[in-house]
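These protein sequences, in sequence, are chains A and B. Its first residue numbered 5, the first sequence is counted upward by one per residue in the working numbering. Its first residue numbered 489, the second sequence is counted upward by one per residue in the working numbering.
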Amino acid sequence: NAGVMQNPRHLVRRRGQEARLRCSPMKGHSHVYWYRQLPEEGLKFMVYLQKENIIDESGMPKERFSAEFPKEGPSILRIQQVVRGDSAAYFCASSRSGTGVTGELFFGEGSRLTVL
Amino acid sequence: GQQVMQIPQYQHVQEGEDFTTYCNSSTTLSNIQWYKQRPGGHPVFLIQLVKSGEVKKQKRLTFQFGEAKKNSSLHITATQTTDVGTYFCAGPAGGTSYGKLTFGQGTILTVHP
């Protein structure tokens, strides 16, 4: 009965360190999205991936951020050399359908990153 | 770029009062979705509206999609403390047909018992 699984739930990093966030989509879902949420704001799209492919990364900063969804294992959002402005909740979502249909997104519980 | 605005940003009600949040998009939407996020929680899908002028009900919640498919509303009748949370509307970003959504900034609902 696994929904979208994210870990870690909370992560504290010092400026300049790396943050690595993991996401396993719901069973049967092969479409993964990463969203970022700043305090008391809406969610901002970052990247859309399918297995071994980045489909749309238009919302992801060009520097320091990268995402992957390998053939085996979870999707990973990697933030290098973190800065205080990276402090946010990072939500992963998966969907059953792919392109051609805008369907319901199933969100994980999020990874809350704090940069000291 | 596409913008999705929600009003009000905050709403405080007494338990039993009604609540409405409004969503407006700068562009016509193929569909609109609504999500609820409890404090400290994650967004949970409530509903998707597709047709112009569509109205859908879920118990005490009524969702509407405007005729021009640029606005939407969520109305809760007789609020309960379990309704507390932030309500977001979201539409497909830039005409995409996958899960790239533009979210409104949300309406934070507080219900006083």
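Note that beta-carbon positions come from the ideal geometry of N, C-alpha and C, so glycine has one too.
Taking a C-beta distance under 7 Å as the contact criterion, I535 of chain B and S560 of chain B do not qualify as a contact pair. With a cutoff of 7 Å on beta-carbon distance, D90 of chain A and I83 of chain A are scored as near each other. Straight across, the Cα-Cα distance linking Y37 of chain A with V492 of chain B is about 19 Å.
The DSSP assignment places no complete run of the alpha helix (DSSP H) inside the stretch 7-86 of chain A (cut-off: 4 residues).
Classified as exposed, D506 of chain B has fewer than 16 neighbouring CB atoms from the shown chains inside 10 Å of its CB.
About 18 Å separates the beta carbons of H33 of chain A and S115 of chain A, which is beyond the 8 Å limit, so they are not a contact pair. With respect to the 7 Å criterion, V51 of chain A and V86 of chain A are not classified as neighbours on the basis of their beta carbons. Per DSSP, reduced to three states, the secondary structure at A581 of chain B is helical. By the beta-carbon neighbour count (other beta carbons within 10 angstroms, threshold 16), A6 of chain A is exposed.
DSSP places T569 of chain B within a helical segment (H, G or I) once states are collapsed to three. In this structure, DSSP gives R116 of chain A an extended state, which the three-state scheme calls strand.
In this chain, the beta strand (DSSP E) harbouring A92 of chain A covers 92-99. Counting only Cβ-Cβ distances below 9 Å, F95 of chain A has contacts in chain B at H530, P531, in chain order.
Look at L109 of chain A: its C-beta is under 7 Å from a C-beta on chain B. In terms of Cα proximity to T516 of chain B, the closest of B:G579, B:T570, B:W522 is B:G579. Contact with chain A is absent for G541 of chain B, since none of that chain's Cβ atoms lies less than 7 Å from the residue's Cβ. With a cut-off of 8 Å on Cβ pairs, the stretch 522-534 of chain B is in contact with the stretch 570-578 of chain B, counting three or more such pairs. DSSP places L534 of chain B inside the beta strand (DSSP E), whose first and last residues are 531-537.
In this structure R88 of chain A is exposed. Its beta-carbon is surrounded by fewer than 16 other beta-carbon atoms within 10 angstroms. For S514 of chain B, no beta strand (DSSP E) segment is defined, and its DSSP state is neither H nor E. Contact with chain B is absent for L117 of chain A, since none of that chain's Cβ atoms lies less than 7 Å from the residue's Cβ.
In this structure, B:K558 is the residue among B:K558, B:T567, B:H530 with its C-alpha nearest to the C-alpha of S540 of chain B. G63 of chain A and F73 of chain A do not touch by the CB rule: their CB atoms are close to 16 Å apart, not below 8 Å. Sequence-distant Cβ neighbours of V543 of chain B in its own chain, meaning closer than 6 Å and more than five residues away, are Q552.
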